[in-house]
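Residue numbers (the numbering used here), protein chains in the order written: chain X, 2 to 303; chain Y, 7 to 280.
1. Considering residue 81 of chain Y, what are the terminal residues of the beta strand (DSSP E) in which it resides?
2. Quick one: which chain X residues come within Cβ less than 9 Å of residue 16 of chain Y?
3. Just reading off the beta strand (DSSP E) that residue 110 of chain X is part of, what are its end residues?
4. For residue 175 of chain Y, return the contacting residues in chain X, with the cut-off set at a CB-CB distance below 7 Å.
5. Specify, as a first and last residue, the run of the beta strand (DSSP E) that residue 43 of chain Y falls within.
6. Note down the Cα distance separating residue 240 of chain X from residue 71 of chain Y, rounded to an integer number of angstroms.
7. Any contact between the segment 190 to 206 of chain Y and the segment 169 to 178 of chain Y? By contact I mean 3 or more CB pairs, one from each, below 8 Å.
8. Would you kindly report the start and end of the unbroken alpha helix (DSSP H) that includes residue 124 of chain Y?
9. Would residue 158 of chain Y and residue 117 of chain Y qualify as a contact pair, given that the criterion is a beta-carbon distance under 8 Å?
10. From this set, Y:234, Y:10 and Y:220, which residue's C-alpha is nearest residue 208 of chain Y's C-alpha?
11. Short of 7 Å in beta carbon distance, which residues of its chain neighbour residue 104 of chain Y, apart from the five on each side in sequence? Order them along the chain.
12. Just the chain X side, please: which residues come within less than 8 Å of residue 129 of chain Y by C-beta, in chain order?
13. Using beta-carbon positions only, say whether residue 10 of chain Y and residue 222 of chain Y come within less than 8 Å of one another.
14. Who are the near neighbours of residue 199 of chain X in its chain, counting only those whose CB is closer than 7 Å to its CB and skipping five residues on each side?
15. Using a Cβ-Cβ distance cut-off of 8 Å, determine whether residue 44 of chain X contacts chain Y.
16. For residue 76 of chain Y, which of helix, strand or coil comes out of DSSP?
17. Using a Cβ cut-off of 8 Å (strictly closer), state whether residue 303 of chain X contacts chain Y.
18. Exposed or buried, residue 68 of chain X, counting other C-beta atoms within 10 Å across all chains shown (16 or more means buried)?
19. Is DSSP giving residue 109 of chain Y helix, strand or coil here?
20. Between the segment 9 to 24 of chain X and the segment 47 to 65 of chain X, do at least 3 Cβ pairs fall closer than 8 Å?
21. Using only the alpha-carbon positions, how far apart do residue 201 of chain X and residue 281 of chain X sit?
22. Does the separation of the CB atoms of residue 183 of chain X and residue 218 of chain X fall below 8 Å?
23. Can you say whether residue 97 of chain Y is buried or exposed, counting buried as having 16 or more other CB atoms within 10 angstroms of its CB?
24. Does any C-beta atom of chain Y lie closer than 8 Å to the C-beta of residue 216 of chain X?
25. Are the segment 220 to 233 of chain X and the segment 286 to 299 of chain X touching by the rule of at least three beta carbon pairs closer than 8 Å?
26. Given a limit of 7 Å on CB to CB distance, which residues of the segment 140 to 154 of chain Y reach chain X?
27. Any heavy atom of the ligand SAH closer than 7 Å to the beta-carbon of residue 290 of chain X?
28. Can you tell me whether residue 137 of chain X is helix, strand or coil according to DSSP?
29. With a cut-off of 8 Å, does the C-beta of residue 209 of chain X fall near any C-beta of chain Y?
30. With DSSP run on the structure shown, which of helix, strand or coil describes residue 303 of chain X?
31. Can you tell me which residues form a DSSP beta bridge with residue 6 of chain Y?
32. Between the alpha carbons of residue 113 of chain Y and residue 150 of chain Y, how many angstroms are there, rounded?
33. Starting from residue 47 of chain X and walking both ways along the beta strand (DSSP E), at which residues does that stretch end?
34. What would DSSP say about residue 2 of chain Y, mapped onto helix, strand or coil?
35. Indicate whether at least one CB of chain X lies closer than 8 Å to the CB of residue 110 of chain Y.
36. Does DSSP put residue 292 of chain X in a helix, a strand or coil?
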């Protein structure tokens, strides 16, 4: 399995595309640091007892005037070490991004397969719904779903459910590209003779979709998944920046940027800069990697 | 009564514009008669060939006989059973499915590119629950591969590792896997080059003798048909215009369309001597 991968065209091309190697490297670096945040981070930013308010607004790599503590990326207004906060923040951003992509991928692939394979009025219903949804900006849809879900939840659950609600609202706002692509590929695959021969065996439509069509339409799905992943992280950051995302006590990168912009014009630039640069690197590396993957898996460009 | 009979088999395709557009423009419904009142009978163990140019409804008949397309009117009967009989039970329908299999035109699109040959051949065995035991399933796959002139080792390969002719052999093996009584061959050789065509046709003939198979053979190539068929039906725009044995059809064609088809085939003088 690993050997066939190492000998494949994909890996060969990967080795000779610096952009792909670097972008994957940066992404893995951020992801690993986020995953092992509790080992790497010098401070635990969410434990109020370890914080010292005197450390607030310490510039990066500069001893604090009162305590003499030095912080790699400085501290925010509550004296939280920014480097640690960013590590924990990327963890939340990545988690929300991955879960949202998985949700929209499952939803989009399922609906697209059904629409393409079954056709008829079911196809019309699903795709017209997709058309309607895509006329709204996805951030608006996400905010709408987020607002409705928050309103429906009992007040004491709102706080703990906020990340779940965030995932659902981003996931539900990004399924359309998956559904459209999968429907198109399914329309091509279902006319192929191996599908007809599967029908000759009396297989149910569900079996044919799952066993025959699904494995043959996954490569475009993979490409959309990477691009949607970057998009989901940005949407999450935007929602958190607008204050409707994760709570301040569990800040994601977007929340950190929101906190930072309060202090931008009073001279504490580092509170905004470092989370923003991390978000930029994360989204950019995923996007560049997705672009390379798209070029590789597109037979027309080979 | 023949093993396979179609009576007044017809299929119309609705080519009219959407309902609203039609009402606004005041157009009537537009129907294409792809197959029109076709009656054929195929005897057990024989080969019936349908010929005609593209668009003559050959493949539409194949799909209806295979039970994949519902006829607009008329029936297809196998030993008196009809795929589209609503009172047909699930078990009966599966046993009909098992006895009617199909070989397709394109050997490239008819095998799932993500599956190994062994899994492709195992699928019908599993779908019809013919053999439950894993080792016996593999033995059966080996047997099938040998029957079509391939090596049992090929079961670990993917379809793209084979040539067109070899892929067509895999398709034949898959069709044989469920031990069918009739195989519908929808232009099985037209995507292959001439030397491979002859090999595949010979294989089909050998298998017919070995397993007393019935073939419904669909082709536009009269030379191919003349070597295979016991009886030939000529289709023109969905209508069966002539039906005869090969020797009679090639020597004394009756319908003008058949004469035209014969004169259009370049090597027909050689073919008639076979």
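No residue lacks a Cβ here, since even glycine has one placed at the ideal position from N, Cα and C.
In short:
1. Mapped onto the second chain, residue 81 of chain Y falls at position 75. Residues 79 to 84.
2. Numbered from its first residue, the second chain carries residue 16 of chain Y at position 10. Simply none; closest approach about 21 Å.
3. Within the first chain, the letter at position 109 stands for residue 110 of chain X. For residue 110 of chain X, no beta strand (DSSP E) segment is defined; the enclosing uninterrupted segment is the alpha helix (DSSP H) at 83 to 119.
4. Position 169 of the second chain, counting from 1, holds the residue named residue 175 of chain Y. None at all; the shortest Cβ gap to chain X is about 15 Å.
5. Working through the second chain from its first residue, we reach residue 43 of chain Y at position 37. Residues 37 to 48.
6. The residue you call residue 240 of chain X lines up with position 239 of the first chain. The residue you call residue 71 of chain Y lines up with position 65 of the second chain. Roughly 58 Å between the two C-alpha positions.
7. The segment 190 to 206 of chain Y makes contact with the segment 169 to 178 of chain Y; the number of CB pairs closer than 8 Å reaches 3 or more.
8. Looking up residue 124 of chain Y in the second chain gives position 118. Per DSSP, residue 124 of chain Y belongs to the alpha helix (DSSP H) from 123 to 133.
9. For the purposes of this step, residue 158 of chain Y is taken as the residue at position 152 of the second chain. For the purposes of this step, residue 117 of chain Y is taken as the residue at position 111 of the second chain. Not in contact: residue 158 of chain Y and residue 117 of chain Y (Cβ atoms no closer than 8 Å).
10. Here the question's residue 208 of chain Y lines up with position 202 in the second chain. That would be Y:234, whose Cα lies nearest to the Cα of residue 208 of chain Y.
11. Taking the first residue of the second chain as 1, we reach residue 104 of chain Y at position 98. These residues qualify, in order along the chain: 134, 184 and 186.
12. Taking the second chain and counting its residues from 1, the one referred to as residue 129 of chain Y is at position 123. Ordered by position in chain X, the residues that pass the 8 Å Cβ test against residue 129 of chain Y are 199 and 202.
13. For the purposes of this step, residue 10 of chain Y is taken as the residue at position 4 of the second chain. For the purposes of this step, residue 222 of chain Y is taken as the residue at position 216 of the second chain. The answer is yes: Cβ separation under 8 Å.
14. If you number the first chain from 1, residue 199 of chain X lands on position 198. Answer for residue 199 of chain X: 209 and 213, listed in chain order.
15. In the first chain, counting from the first residue as 1, residue 44 of chain X sits at position 43. It does not: the Cβ of residue 44 of chain X has no partner Cβ on chain Y nearer than 8 Å.
16. Here residue 76 of chain Y refers to the residue found at position 70 of the second chain. Note: residue 76 of chain Y maps to coil in three-state DSSP.
17. Here the question's residue 303 of chain X lines up with position 302 in the first chain. Its pLDDT being 47, under 50, residue 303 of chain X is placed unreliably in this model, and the coordinates cannot settle the point.
18. Residue 68 of chain X sits at position 67 when you count from the first residue of the first chain. By the 10 Å Cβ count, residue 68 of chain X comes out exposed.
19. Numbered from its first residue, the second chain carries residue 109 of chain Y at position 103. It is a strand residue.
20. no
21. To locate residue 201 of chain X, count along the first chain from 1; it is residue 200. To locate residue 281 of chain X, count along the first chain from 1; it is residue 280. Between residue 201 of chain X and residue 281 of chain X, the C-alpha separation is close to 52 Å.
22. Working through the first chain from its first residue, we reach residue 183 of chain X at position 182. Working through the first chain from its first residue, we reach residue 218 of chain X at position 217. In contact: residue 183 of chain X and residue 218 of chain X (Cβ atoms closer than 8 Å).
23. For this step, residue 97 of chain Y is matched to residue 91 along the second chain. Flag for residue 97 of chain Y reads exposed.
24. Residue numbering aside, residue 216 of chain X sits at position 215 when the first chain is read from its first letter. Chain Y, which has a Cβ nearer than 8 Å to the Cβ of residue 216 of chain X, makes this yes.
25. yes
26. none
27. The ligand SAH is absent from the structure shown, which contains no ligands of any kind.
28. Numbered from 1 along the first chain, position 136 holds the residue referred to as residue 137 of chain X. Of the three classes helix, strand and coil, the one that applies to residue 137 of chain X here is coil, per DSSP.
29. Against the first chain, residue 209 of chain X aligns to sequence position 208. Output row for residue 209 of chain X: interface = no.
30. The sequence position of residue 303 of chain X within the first chain is 302, counting from 1. No answer about residue 303 of chain X holds up, because its pLDDT of 47 lies below 50 and its placement is not dependable.
31. The structure shown has nothing for residue 6 of chain Y, since chain Y only spans 7 to 280.
32. Here residue 113 of chain Y is taken as the residue at index 107 of the second chain, counted from 1. Here residue 150 of chain Y is taken as the residue at index 144 of the second chain, counted from 1. Distance between the alpha carbons of residue 113 of chain Y and residue 150 of chain Y: 17 Å.
33. Counting from 1 along the first chain, the entry for residue 47 of chain X is found at position 46. No beta strand (DSSP E) contains residue 47 of chain X, which DSSP labels as neither H nor E.
34. Past the boundaries of the shown model lies residue 2 of chain Y; chain Y is included only from 7 to 280, so the question cannot be answered.
35. The residue you call residue 110 of chain Y lines up with position 104 of the second chain. Cβ-Cβ to chain X under 8 Å: yes for residue 110 of chain Y.
36. Translated into the one-based positions of the first chain, residue 292 of chain X becomes position 291. If DSSP states are grouped into helix, strand and coil, residue 292 of chain X belongs with the helices.
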